[in-house]
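Asker:
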Amino acid sequence: MIYRFLNYKKTADFILPMGLYMNLQNTEFLRSAVKEEDFPRNGKPQIVFSGRSNVGKSSVINRLLGRKNFARVGNTPGKTVHINFLSVDGAFYLVDLPGYGYAKVSKSERERWGRLIERYFSVSGLITYGVMIVDARHKPTEDDRVMSAWYQESGCPFVVVANKTDKVKKSQRETSVACIAETLQLNDTTKILPFSAVTGEGRGKLLGLILEHVEEKA
Numbered sequence: 003m004i005y006r007f008l009n010y011k012k013t014a015d016f017i018l019p020m021g022l023y024m025n026l027q028n029t030e031f032l033r034s035a036v037k038e039e040d041f042p043r044n045g046k047p048q049i050v051f052s053g054r055s056n057v058g059k060s061s062v063i064n065r066l067l068g069r070k071n072f073a074r075v076g077n078t079p080g081k082t083v084h085i086n087f088l089s090v091d092g093a094f095y096l097v098d099l100p101g102y103g104y105a106k107v108s109k110s111e112r113e114r115w116g117r118l119i120e121r122y123f124s125v126s127g128l129i130t131y132g133v134m135i136v137d138a139r140h141k142p143t144e145d146d147r148v149m150s151a152w153y154q155e156s157g158c159p160f161v162v163v164a165n166k167t168d169k170v171k172k173s174q175r176e177t178s179v180a181c182i183a184e185t186l187q188l189n190d191t192t193k194i195l196p197f198s199a200v201t202g203e204g205r206g207k208l209l210g211l212i213l214e215h216v217e218e219k220a
């Protein structure tokens, strides 16, 4: 499936294969969910982004949208404390989950995040596609394994984004991908996508996967 990007380096606009125009710049913050009643339930696709608090999740989202500071990027991990819903051109939701694994967050706060995320995953029909972000330089953690299991148990398709590939030698990439697949116990249908929020590597491929899913759900 081919997507025609318009002035790729200058804008975030694109046209879907069927000619549907969409503007990534038209992304608006919808709400922060602190309880189940806050989850949108209007049938629009919900694309879920997850990852450790220091994996560069906000930077990936900003690169994907073509926006510099839309998702918060800070020196202190653990800034996303609720489930944040962003509306992308009125067509689908980009869902930013709290980053996990940050040691300086209190145990009670980590447990609260865990219950909120677990509840979100358990509500049937909400999540339609997942984007799980890991660090391409390191073996996935036990927290990453738990998140991968949640995606697989939910039954929704997802892609694993190996961020920070700009810091990995090309000769080591194949080994990195194999380690991620083995540690997360991925099946053959789950893709691992090399990505760099710094250079933009993988942006077009990730957009393609997301938009193909959105179009299928339309």
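Residue 3 is where the sequence shown starts when you use our numbering, and the numbers rise one by one after that. Quick reminder that beta carbons are idealized off the backbone N, C-alpha and C, glycines included.
Assign Val216 to buried or exposed, taking buried as 16 or more other Cβ atoms, counted over all protein chains shown, within 10 Å of its Cβ.
Answerer: Numbered from its first residue, the sequence shown carries residue 216 at position 214. Per the 10 Å Cβ criterion, buried.
Asker: In angstroms with no decimal places, state the Cα-to-Cα distance between Thr78 and Val57.
Answerer: On the sequence shown, position 76 is the one that residue 78 refers to. On the sequence shown, position 55 is the one that residue 57 refers to. At Thr78, the pLDDT of 45 sits below 50, so the modelled position is not reliable; the number obtained from the coordinates is stated separately. Straight-line Cα distance between these residues: approximately 12 Å.
Asker: Going by DSSP, what residues sit across from Gly132 in a beta bridge?
Answerer: Here residue 132 is taken as the residue at index 130 of the sequence shown, counted from 1. In the DSSP output, where bridge partners are listed per residue, Gly132 has Val50, Phe160.
Asker: Does DSSP put Ser55 in a helix, a strand or coil?
Answerer: Counting from one through the sequence shown, the residue named residue 55 turns up at place 53. Correct three-state label for Ser55: coil.
Asker: Using three-state DSSP, classify Glu184 as helix, strand or coil.
Answerer: The residue you call residue 184 lines up with position 182 of the sequence shown. In the structure shown, Glu184 sits in a helix (DSSP, three-state: H, G or I).
Asker: Please work out which residues of its chain come closer than 7 Å, Cβ to Cβ, to Phe197, disregarding the five sequence neighbours upstream and downstream, and give them in chain order.
Answerer: On the sequence shown, position 195 is the one that residue 197 refers to. Cβ within range, chain order: Val62, Val163, Ala164, Asn165, Thr167, Glu203, Gly204, Leu208.
Asker: If we ignore side chains and look at the alpha-carbon of each, how far apart do Ile119 and Asp98 end up?
Answerer: Translated into the one-based positions of the sequence shown, residue 119 becomes position 117. Translated into the one-based positions of the sequence shown, residue 98 becomes position 96. Spanning the two alpha carbons is a distance of roughly 11 Å.
Asker: Name the DSSP bridge partner or partners of Asn86?
Answerer: Taking the first residue of the sequence shown as position 1, residue 86 is located at position 84. Ser34, Asp98, per the DSSP bridge assignment.
Asker: By Cβ distance below 6 Å, which residues in the same chain neighbour Leu211 in space, the five residues on each side in sequence not counted?
Answerer: Residue 211 sits at position 209 when you count from the first residue of the sequence shown. Counting only Cβ-Cβ distances below 6 Å, and skipping sequence neighbours, we find Val161.
Asker: Which residues bound the alpha helix (DSSP H) around Ser124?
Answerer: Locating residue 124 in the sequence shown gives position 122, where the first residue counts as 1. Per DSSP, Ser124 belongs to the alpha helix (DSSP H) from 109-124.
Asker: Give me, in chain order, the residues of the same chain whose beta-carbon lies closer than 6 Å to that of Val200; leave out the 5 immediate sequence neighbours on both sides.
Answerer: Locating residue 200 in the sequence shown gives position 198, counting from the first residue. Taken in chain order, the residues that qualify are Asp168.
Asker: Buried or exposed: Phe87, going by 16 or more other Cβ atoms within 10 Å of its Cβ?
Answerer: Counted from its first residue, the sequence shown places residue 87 at position 85. By the neighbour-count rule (16 or more Cβ atoms within 10 Å), Phe87 is buried.
Asker: Below 8 Å on the Cβ atoms is my contact criterion, and I expect Pro42 with Tyr122 to pass it. Report the Cβ-Cβ distance as a whole number of Å.
Answerer: Taking the first residue of the sequence shown as position 1, residue 42 is located at position 40. Taking the first residue of the sequence shown as position 1, residue 122 is located at position 120. Going by Cβ atoms, the distance from Pro42 to Tyr122 rounds to 11 Å, so no, they are not a contact pair.
Asker: Where does Gly76 sit, in a helix, a strand or coil, going by DSSP?
Answerer: The residue given as residue 76 occupies position 74 in the sequence shown. Any reading at Gly76 is ruled out, since the residue's pLDDT is 43, under 50, leaving its predicted position unreliable.
Asker: Could you tell me the alpha carbon to alpha carbon distance between Trp152 and Ser34, rounded to whole angstroms?
Answerer: Mapped onto the sequence shown, residue 152 falls at position 150. Mapped onto the sequence shown, residue 34 falls at position 32. Distance between the alpha carbons of Trp152 and Ser34 is about 21 Å.
Asker: Between the stretch 179-198 and the stretch 139-157, do three or more beta carbon pairs fall short of 8 Å?
Answerer: These segments touch.
Asker: Where do the ends of the beta strand (DSSP E) carrying Pro196 lie?
Answerer: On the sequence shown, residue 196 is found 194 positions in, with the first residue counted as 1. Looking at the DSSP string, the run of the beta strand (DSSP E) that includes Pro196 is 194-196.
Asker: I'd like to check one pair, Gly68 with Leu26: are the Cβ atoms closer than 9 Å?
Answerer: Numbered from its first residue, the sequence shown carries residue 26 at position 24. Numbered from its first residue, the sequence shown carries residue 68 at position 66. Yes, Cβ-Cβ distance for Leu26 and Gly68 is below 9 Å.
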